[in-house]
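Engineer: Note that the protein sequences, when read in sequence, are chains A and B.
Following my numbering, the numbering of the first sequence begins with 18 at its first residue and continues without gaps.
Following my numbering, the numbering of the second sequence begins with 1081 at its first residue and continues without gaps.
Glycine included, C-beta positions come from ideal geometry on N, C-alpha and C.
Please read these numbers as outputs of a predicted model, since none were measured by experiment.
This is the structure I want to talk about, given as structure tokens.
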Amino acid sequence: GAVVSQHPSWVICKSGTSVKIECRSLDFQATTMFWYRQFPKQSLMLMATSNEGSKATYEQGVEKDKFLINHASLTLSTLTVTSAHPEDSSFYICSARDRGFTEAFFGQGTRLTVV
Amino acid sequence: DAKTTQPPSMDCAEGRAANLPCNHSTISGNEYVYWYRQIHSQGPQYIIHGLKNNETNEMASLIITEDRKSSTLILPHATLRDTAVYYCIVRGSRNTGGFKTIFGAGTRLFVKA
């Protein structure tokens, strides 16, 4: 299957700072990328969908000004958690697909801890 | 997207077949059944998908009932490394634009030695 890579795998930041998470499709062009958040012992929650070159579409209840998504190229999408607080600590996962695929492929996830 | 119902947890003996059920009674005609799994602290891994015919690949088999209201994922010879949360998802195809993958609670499969 296609490879999706996230960076960093884990990050610890101070409360009030911003953190950027990268999601790259390594061997295909990702026309659409999805960002998820997962709290311990819970399922994945879809946060937003981004299409290359256009603004992201956020799910209900997700603050677009707090979770900035940029999908500037066909191989890279970034999620920036702005002014992070301890309640933003979570496992963030991206997935990506190309129009030629029937399924989306997932990154390995980024564990964010805000202290 | 149609909702799915899965048992919260299941046990399976190592080397035996693991049969994971999923109910999707509100599935529509152009929606596919997808299965993913998530091993602890990793991103989800695609397993298999199907529309109405049974499917098999190197990882698993997918049995879809004739009315498409339920399906079963079969891991023919479960190993300890198959311990994971398994998600059954119903989703439209790329052509219908229904491509968001919405996760339910899934089934936590424990494979025991």
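Specify the secondary structure class of residue 82 of chain A as computed by DSSP and reduced to three states.
Structural biologist: coil
Engineer: Beta-carbon of residue 61 of chain A versus every beta-carbon of chain B: anything under 7 Å?
Structural biologist: yes
Engineer: Excluding the five sequence neighbours on either side, which residues of its own chain have a C-beta within less than 6 Å of the C-beta of residue 83 of chain A, listed in chain order?
Structural biologist: Only 99 meet the Cβ criterion.
Engineer: Suppose you measure from the CA of residue 1095 of chain B to the CA of residue 1142 of chain B; what does that come to, to the nearest Å?
Structural biologist: Each residue's alpha carbon lies about 18 Å from the other.
Engineer: Please list, in chain order, the chain B residues whose beta carbon lies closer than 8 Å to that of residue 66 of chain A.
Structural biologist: In chain order: 1180.
Engineer: Pull up the distance between the alpha-carbon of residue 1127 of chain B and that of residue 85 of chain A, whole angstroms please.
Structural biologist: 31 Å
Engineer: Check the Cβ-Cβ distances between residue 78 of chain A and every residue of chain B, and say whether any is below 7 Å.
Structural biologist: No, no contact with chain B.
Engineer: Kindly say whether residue 39 of chain A, judged by its beta-carbon, lies nearer than 7 Å to any beta-carbon of chain B.
Structural biologist: no
Engineer: Alpha carbon to alpha carbon, how far is residue 116 of chain A from residue 1130 of chain B?
Structural biologist: 18 Å
Engineer: Should residue 1164 of chain B be labelled buried (16 or more other beta-carbon atoms within 10 Å of its own) or exposed?
Structural biologist: buried
Engineer: Which residues bound the beta strand (DSSP E) around residue 1130 of chain B?
Structural biologist: 1125 to 1130
Engineer: Does the beta carbon of residue 86 of chain A sit closer than 7 Å to a beta carbon anywhere in chain B?
Structural biologist: no
Engineer: Shortest alpha-carbon distance to residue 1106 of chain B belongs to which of B:1119, B:1147 and B:1138?
Structural biologist: The option with the nearest alpha carbon to residue 1106 of chain B is B:1147.
Engineer: Give a yes or no on whether 7 Å exceeds the smallest Cβ distance from residue 1190 of chain B to chain A.
Structural biologist: no
Engineer: Could you run through the segment 100 to 118 of chain A and flag, in chain order, every residue whose CB is less than 9 Å away from some CB of chain B?
Structural biologist: 108, 110, 111, 112, 114, 116, 117 and 118
Engineer: Taking residue 121 of chain A and residue 112 of chain A to be in contact with their CB atoms under 8 Å, please state how far apart those CB atoms are, rounded to whole angstroms.
Structural biologist: At roughly 4 Å, the Cβ-Cβ gap stays under 8 Å, so residue 121 of chain A and residue 112 of chain A are in contact.
Engineer: Leaving out five residues on either side along the sequence, give the residues of the same chain with a beta carbon under 6 Å from the beta carbon of residue 39 of chain A.
Structural biologist: Closer than 6 Å at the Cβ level, and outside the excluded window around residue 39 of chain A, lie 24 and 95.
Engineer: Should residue 127 of chain A be labelled buried (16 or more other beta-carbon atoms within 10 Å of its own) or exposed?
Structural biologist: Buried.
Engineer: Around the Cβ of residue 1118 of chain B, are there at least 16 other Cβ atoms within 10 angstroms (buried) or fewer (exposed)?
Structural biologist: Buried is the call here.
Engineer: Closer than 9 Å, Cβ to any Cβ of chain A: which residues of the segment 1093 to 1125 of chain B, in chain order?
Structural biologist: 1112, 1114, 1116, 1118, 1121, 1122, 1123, 1124 and 1125
Engineer: Under 7 Å, Cβ to Cβ, is there at least one residue of chain A near residue 1185 of chain B?
Structural biologist: True, the Cβ-Cβ gap to chain A drops below 7 Å.
Engineer: Is it buried or exposed, residue 1160 of chain B, if we count other Cβ atoms within 10 angstroms and call 16 or more buried?
Structural biologist: Exposed, because fewer than 16 other Cβ atoms sit within 10 Å of the Cβ of residue 1160 of chain B.
Engineer: Nearest chain B C-beta to residue 30 of chain A closer than 7 Å, yes or no?
Structural biologist: no
Engineer: What number of angstroms, rounded off, separates the C-alpha of residue 1178 of chain B from the C-alpha of residue 65 of chain A?
Structural biologist: Confidence is the limiting factor: at residue 1178 of chain B the pLDDT is only 49, short of 50, which leaves the residue's position unreliable and the question unanswerable from this model.
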